[in-house]
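In the numbering used here, the protein residues as written are 1426 to 1601. What follows is a set of notes on a single structure, which appears directly below.
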């Protein structure tokens, strides 16, 4: 049984403004109407989008991020203490995601590898997901790289399963 107690807040991040506009327009059209579980859309608050213009930034992972070991396939998750492993995972998954967006959705996503700096503060998390458990990473990432790559990670999330609510990254600070 699922108990839902209003208010329920949904946070969405995407670099695809056409999709985002369509989503927001759909939510606005539902305003005041009863939807699932007897809930209704009471309001829509749009956050000011972040534009990455610096060479480094501090990102807070909102909730959990799933980072797989790049060479292992789908079943091995990274140890958040091993920043080299975290970096390889973030970069390999972002490159795959950028290629997908370009080839299937014609979104000109730009990504080149970023560096995970030692000031990052990460810990292991465990999250229930579809009746099972996922090993996740939580905390803050300090990343250096091109502004396009940092923007990509902000827009599309860090790691895998970003379409399922994992890997949402909030920009805390930008610096050179």
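For every residue, glycine included, the Cβ atom is placed at its ideal position computed from N, Cα and C.
{"Check": "Let's see if you can read the secondary structure: which residues bound the alpha helix (DSSP H) around residue 1539?", "Outcome": "Where residue 1539 is concerned, there is no enclosing alpha helix (DSSP H), given that its DSSP letter is neither H nor E."}
{"Check": "Would you decide whether residue 1484 is buried or exposed? Buried here means 16 or more other CB atoms lie within 10 Å of its CB.", "Outcome": "buried"}
{"Check": "Mapping the DSSP letters down to three states, classify residue 1580 as helix, strand or coil.", "Outcome": "helix"}
{"Check": "Determine whether the beta carbon atoms of residue 1436 and residue 1487 lie at a separation below 8 Å.", "Outcome": "yes"}
{"Check": "Determine the extent of the beta strand (DSSP E) in which residue 1591 is found, giving its start and end residues.", "Outcome": "From DSSP, residue 1591 is part of no beta strand (DSSP E); its letter is neither H nor E."}
{"Check": "Using the beta-carbon count (16 or more within 10 Å), is residue 1555 buried or exposed?", "Outcome": "exposed"}
{"Check": "Nearest-angstrom Cα distance between residue 1537 and residue 1571?", "Outcome": "7 Å"}
{"Check": "Determine the closest residue to residue 1523 out of 1559, 1480 and 1583, with distance taken between C-alpha atoms.", "Outcome": "1583"}
{"Check": "So which of 1597, 1585 and 1467 has the shortest CA-CA distance to residue 1514?", "Outcome": "1585"}
{"Check": "Can you find the residues in the same chain that come closer than 7 Å, C-beta to C-beta, to residue 1465, ignoring five residues on each side of it along the sequence?", "Outcome": "1457, 1458 and 1459"}
{"Check": "Sort out for me which residues DSSP pairs residue 1459 with in a bridge.", "Outcome": "1465"}
{"Check": "Mind checking which residues open and close the alpha helix (DSSP H) that includes residue 1522?", "Outcome": "1508-1530"}
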